[in-house]
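Residue 62 in full-length UniProt numbering sits at position 62 of the sequence shown; the count goes up by one each step and never skips.
Quick reminder that beta carbons are idealized off the backbone N, C-alpha and C, glycines included.
Working notes, structure below.
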Amino acid sequence: MAPSAVISSLLFSALFSFVVIFNGVLQPYCALGWWQWMYRVSPFTYFIEGLLGQAIGGTVINCAPHEFVPVIPPSGSTCAKYLDPFMSYAGSYLADPSATSTCLFCPYCTTDEYMFTAFNIEASHHWRNLGIMLSITAFNAYMESLMMYLISFAVHIQTISIKMCAPS
């Protein structure tokens, strides 16, 4: 317990900034470095993954013209023939599969691929994330009740001991 409301708000702000920084959205998972363990500890990670996965997961991506990556295939080969092994593994698409000079390659087909690559978010984890969030909520409610009971019990014991020690 903080001694005052001001110190409590300062502590909350400092601790909540860690939760927001390490949830994998403001700072992508791959950029966290050795702090990746904080990604799994932060409950906000599961909250954000659940929300984003449900909101934009499974949507087809259409790359804008400036988002295509130009790739030059070997001479005598089409874009589809040259990039098919990679595309079947990585999931992507070509603007013109029959092109032979410059392949315009979009690295993502769905939002799931982008969210996993950039932010380590999987849309299929929504039920897992709901279970984790419910578990965290139940644990916090239980711990709050336990602490309130222990504090009130300690105050009650202290009151009894003061009454017993008081001269009559």
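Burial state of residue i (16 or more Cβ within 10 Å)
i, result
"L150", "exposed"
"T45", "buried"
"M148", "exposed"
"M115", "buried"
"I48", "buried"
"V20", "exposed"
"C103", "buried"
"C79", "buried"
Length of the line joining the Cα atoms of residue i and residue j
i, j, result
"P70", "A64", "13 angstroms"
"Q27", "I160", "53 angstroms"
"I121", "A138", "24 angstroms"
"L83", "I56", "27 angstroms"
"L130", "G50", "7 angstroms"
"G24", "S4", "32 angstroms"
Start and end residues, beta strand (DSSP E) containing residue i
i, result
"V19", "Run containing V19: none in the beta strand (DSSP E); it sits in the alpha helix (DSSP H), 5-21."
Beta-ladder partner(s) of residue i, from DSSP
i, result
"P65", "DSSP output for P65 lists no bridge partner at all."
"P73", "DSSP, once it has assigned bridges, lists no residue as partnering P73."
Start and end residues, alpha helix (DSSP H) containing residue i
i, result
"L32", "Neither: L32 is in no alpha helix (DSSP H) and is coded neither H nor E."
"G57", "Looking at the DSSP string, G57 is not in any alpha helix (DSSP H), and its letter there is neither H nor E."
Query raised in the report: In chain order, which alpha helix (DSSP H) runs of at least 4 residues are fully inside the segment 75-144?
Result: 79-90, 111-119
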